[in-house]
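Residue numbers (the working numbering), protein chains in the order written: chain R, 1 to 269; chain D, 1001 to 1129.
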């Protein structure tokens, strides 16, 4: 099996979601593993597949942001100062022949384990969340306020003493959350690594704040690239870096597909 | 309902076929294996009464904590009944996946062929694989 990885240019939410969809369709069709690291060209709120648009009122600081709905589940993410990764794999690569429903814990755990190891290199107290917590009232809208088994958390006292606006979140601060979507013959996993606090989600510290400024985006960049490349190699046997989107998904023609459709975005008003 | 008498999709949906008032009616749900794999179900979407489903195609979706997964129809036909209360009480799937956890009932064509579906032994073998 072959694996391809692209470090992409920043794109709109609609473009990013359309490309991820094209990736999983190609991965399932051609039995290859595809991965992409990307940013967002404008601050964008991505809703989970089953979230209601009206729940956005729980986070009024997201008003005015571009809006897109993901095909994956989970909570809403403010994409402002974050990196997103996506990995698309054929079901056959997941080593779970009997399983074609639910999460692939193998892929999920591997990505998150790699990121924990990466963050430890920056002297951050990173660990995996051990237990899924029930979503709670007004804190359940944003992904990074939820807790699920395998989420990457940082234990830090920083926010308590120096940035009280971040508040104290139980069980550490979440800096990486991922979600998956199964399609016929394939699986898409994407996730967001929170680099820094956004004014659209001021209660969420990123790696920059939690490291007291020692883990900058530039410093983390190459290491994050290596972490995702390691995951692709694990599943595909080798990783080939590609330099353009048409090498990763030749079928992608720039069309927004369903992600540009208001009926899709507002499917649950 | 005896699980040995049901037919199965490789994607873990079960189907019970019955002749009711001269029509062939398929009741569809997901297996206990699927419920166990999904863990922590949070949302479900099912089709509307009157809509058509196609064997091998998606008829609904479920979200667990980490993944959205399609529900694949084992039969062709028209949806005549939907267990709409299930979405608000997903624990029923864990308690009784082959009974109270049913999802849809479908009127299937009289000449429908179900040879591509697995019997109980074949399905159990797949799950053990």
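C-beta: ideal position from N, C-alpha, C; glycine also. Given the structure is predicted, the values throughout are model-derived calculations rather than measurements.
Quiz item: Which residues in the same chain have their Cβ closer than 6 Å to the Cβ of residue 1027 of chain D, if we skip the five residues on either side of it in sequence?
Solution: 1016, 1102 and 1105
Self-check item: Rounded straight-line distance, which links the Cα of residue 1087 of chain D to that of residue 1094 of chain D
Solution: 13 Å
Practice problem: Hey, could you find the ends of the beta strand (DSSP E) residue 174 of chain R is sitting in? | Solution: 173-183
Practice problem: Give the straight-line distance between the Cα atoms of residue 19 of chain R and residue 267 of chain R, rounded to the nearest whole angstrom. | Solution: Taking the Cα positions, residue 19 of chain R is about 20 Å away from residue 267 of chain R.
Quiz item: Who does residue 79 of chain R pair with in a DSSP beta bridge?
Solution: For residue 79 of chain R, which the question treats as bridged, DSSP gives the partners R:44.
Practice problem: Please work out which residues of its chain come closer than 8 Å, Cβ to Cβ, to residue 1118 of chain D, disregarding the five sequence neighbours upstream and downstream, and give them in chain order. | Solution: 1007, 1008, 1009, 1010 and 1126
Self-check item: Below-8 Å beta-carbon distance, residue 52 of chain R vs any chain D residue
Solution: no
Quiz item: Can you list the alpha helix (DSSP H) stretches of 4 or more residues lying completely in the segment 190-219 of chain R, in chain order?
Solution: If we require 4 residues or more, the alpha helix (DSSP H) runs fully inside the segment 190-219 of chain R come out as 207-210.
Exercise. Identify whether residue 1102 of chain D lies in helix, strand or coil by the three-state DSSP scheme.
Key: If DSSP states are grouped into helix, strand and coil, residue 1102 of chain D belongs with coil.
Quiz prompt | Listed by chain order, chain R residues near residue 1083 of chain D by CB distance under 8 Å | solution = Chain R residues near residue 1083 of chain D: none, gap ~18 Å exceeds 8 Å.
Practice problem: Step through the CB atoms of chain D and report whether any lies within less than 8 Å of the CB of residue 257 of chain R. | Solution: no
Quiz item: Out of R:116, R:28 and R:48, which has the shortest C-alpha to C-alpha gap to residue 224 of chain R?
Solution: R:116
Quiz item: Taking the alpha-carbon positions, what's the residue 1107 of chain D to residue 1013 of chain D distance?
Solution: 17 Å
Quiz item: Is it right to say residue 246 of chain R is buried, meaning 16 or more other beta carbons lie within 10 angstroms of its own, or is it exposed?
Solution: exposed
Quiz item: According to the Cβ coordinates, are residue 258 of chain R and residue 24 of chain R closer than 8 Å?
Solution: no
Self-check item: residue 1016 of chain D, DSSP secondary structure in three states
Solution: Looking at residue 1016 of chain D - three-state DSSP - the assignment turns out to be strand.
Quiz item: Along chain D, which residues have their Cβ under 8 Å away from the Cβ of residue 182 of chain R?
Solution: 1067, 1068, 1069 and 1070
Quiz item: In whole angstroms, what is the alpha-carbon distance linking residue 212 of chain R and residue 194 of chain R?
Solution: Residue 212 of chain R and residue 194 of chain R have their C-alpha atoms spaced approximately 14 Å apart.
Quiz prompt | Local Cβ density within 10 Å of residue 138 of chain R, reported as buried at 16 or more and exposed below that | solution = Confidence at residue 138 of chain R is low in this model, with a pLDDT of 44, below 50, so its placement is unreliable and the value that follows should be read with caution. Exposed: under 16 other Cβ atoms inside 10 Å.
Exercise. Could you tell me the distance, in whole angstroms, from the CA atom of residue 236 of chain R to the CA atom of residue 35 of chain R?
Key: Their backbone Cα atoms lie some 11 Å apart in a straight line.
Quiz prompt | Any beta strand (DSSP E) of 3 or more consecutive residues that is wholly inside the segment 13-57 of chain R | solution = 33-38 and 44-47
Self-check item: Backbone CA spacing between residue 65 of chain R and residue 183 of chain R [nearest angstrom]
Solution: 29 Å
Quiz item: Would you call residue 21 of chain R buried or exposed, if buried means 16 or more other Cβ atoms sit within 10 Å of its Cβ?
Solution: buried
Quiz prompt | Within chain D, the residues that residue 197 of chain R reaches when beta carbons sit closer than 8 Å | solution = The premise fails here: residue 197 of chain R is roughly 25 Å from chain D at the closest Cβ pair, so nothing lies under 8 Å.
Quiz prompt | C-beta atoms of residue 67 of chain R and residue 265 of chain R nearer than 8 Å | solution = yes
Quiz item: Going by Cα to Cα distance, which pick from R:69, R:176, R:172 and R:118 is closest to residue 108 of chain R?
Solution: R:176
Quiz prompt | Proximal residues of chain R, C-beta to C-beta of residue 1043 of chain D below 7 Å | solution = 50
Quiz prompt | Distance between residue 1073 of chain D and residue 1001 of chain D (C-alpha atoms, nearest Å) | solution = 19 Å
Quiz item: Assuming residue 1043 of chain D and residue 50 of chain R make a contact with CB atoms under 8 Å, what is their CB distance in whole Å?
Solution: 4 Å
Quiz item: So which residues of chain R does residue 1034 of chain D contact, with C-beta pairs closer than 8 Å?
Solution: 101 and 102
Quiz prompt | Spatial distance of residue 102 of chain R from residue 181 of chain R (CA atoms) | solution = The straight-line gap separating the alpha-carbon atoms of residue 102 of chain R and residue 181 of chain R is approximately 9 Å.
Self-check item: Beta-carbon separation (whole angstroms), residue 1024 of chain D vs residue 1110 of chain D, contact threshold 8 Å
Solution: Contact flag correct, Cβ pair sits at about 6 Å.
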